[in-house]
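Using our numbering, the first residue of the sequence shown is number 21, and each one after it goes up by one. Beneath this line is the structure, given in C-alpha cells, with notes to follow.
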Amino acid sequence: MAHSIELLFDSDTEAAIRRMWDDLAAAGLSARIPPGRPHVTVAVARRIGAEVDELLRPVVKRLPLRCVIGAPVVFGRGNVVLTRLIVASGELLDLHAEVHRICGRHLVPEPMANSLPGQWTAHVTLARRLDGAVLGRAVELAGKPSQFDGLLTGLRRWDGDQRVEYRIGH
Numbered sequence: 021m022a023h024s025i026e027l028l029f030d031s032d033t034e035a036a037i038r039r040m041w042d043d044l045a046a047a048g049l050s051a052r053i054p055p056g057r058p059h060v061t062v063a064v065a066r067r068i069g070a071e072v073d074e075l076l077r078p079v080v081k082r083l084p085l086r087c088v089i090g091a092p093v094v095f096g097r098g099n100v101v102l103t104r105l106i107v108a109s110g111e112l113l114d115l116h117a118e119v120h121r122i123c124g125r126h127l128v129p130e131p132m133a134n135s136l137p138g139q140w141t142a143h144v145t146l147a148r149r150l151d152g153a154v155l156g157r158a159v160e161l162a163g164k165p166s167q168f169d170g171l172l173t174g175l176r177r178w179d180g181d182q183r184v185e186y187r188i189g190h
C-alpha cells in the first residue's frame with residue numbers, strides 16, 4: 021500500500037465534498053466512493069517514515085491556505101477515477117515543492133513520479149472504478165457548482181499499510 025503526505029480541508033469544504041460523494045453514491049453509479057476524509061495528496065511513496073512529521077511542522081505554519089475547487093477531472097481509461105481539480109495557485113505550488121524539498125529523501129524507495137513538482141495535478145478524489153458508461157452522469161452530478169472556494173487547514177501523513185493518519189503539527 022502507498023504512504024502519503026496530504027492536505028486536509030476545513031469542515032465547510034469537507035462537507036461540500038462529502039455532499040458530492042453522497043450524491044454520487046445515491047445515484048447508484050457502481051463507483052467506489054473514497055473511504056475516510058477528503059484530501060489533496062502532495063507526496064506519495066511506498067513508505068514514508070514517521071521522522072517527516074517533525075520535519076514538516078514548518079509547512080503547517082503556512083496554513084490555512086485558500087484554494088479553488090475547480091472542474092471535474094478524469095484519470096485513466098475504462099474504469100476511471102473521477103476527481104475535482106484543485107486550482108494550482110502559486111502558494112499551493114510553493115507548499116507542494118516545499119513538502120518535497122523537506123521530505124524527499126524520506127520517500128522510500130522514491131516518490132511516485134506523478135506527485136513530483138512539475139508533474140503533479142492537485143485534485144480531490146470523488147469516485148474510483150467508475151465505469152465509462154456512466155461517466156457523463158457522474159460528471160454532471162460532481163460538476164456542480166462549476167467551482168467553489170475552499171480552505172486547506174491541515175497536514176497529515178497517511179500510512180496506507182495500517183490505514184492510520186498522523187496529523188502533523190497538532
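Every residue, glycine too, gets a C-beta built ideally from N, C-alpha and C.
Subject >> Val100 versus Glu160: straight-line alpha-carbon distance, rounded >> reply: In the sequence shown, counting from the first residue as 1, residue 100 sits at position 80. In the sequence shown, counting from the first residue as 1, residue 160 sits at position 140. Going from the Cα of Val100 to the Cα of Glu160 covers about 15 Å.
Original post:
Mapping DSSP to helix, strand and coil, what is Trp178?
Top reply: Taking the first residue of the sequence shown as 1, we reach residue 178 at position 158. Trp178: strand per DSSP, three-state reduction.
Subject >> Residues bridged to His23 (per DSSP) >> reply: What you label residue 23 is simply residue 3 of the sequence shown in a count that begins at 1. His23 is bridged to Ala65, Asp179.
Original post:
Which residues mark the beginning and the end of the beta strand (DSSP E) in which Ile188 is found?
Top reply: Within the sequence shown, residue 188 is the residue found at index 168, counting from 1. 184-188 is the span of the beta strand (DSSP E), which, as asked, contains Ile188.
Subject >> According to DSSP, residues forming a beta bridge with Arg82 >> reply: For the purposes of this step, residue 82 is taken as the residue at position 62 of the sequence shown. In DSSP, Arg82 forms no bridge with anything.
**OP:** Kindly indicate the opening and closing residues of the beta strand (DSSP E) around Ile106.
**Re:** Walking along the sequence shown from the start, residue 106 turns up at place 86. Unbroken beta strand (DSSP E) run through Ile106: 100-106.
Original post:
Cα-Cα, which of Val64, Met40, Asp42 is closest to Pro137?
Top reply: In the sequence shown, residue 137 corresponds to position 117, counting from 1. Of the listed residues, the one whose Cα sits closest to Pro137 is Val64.
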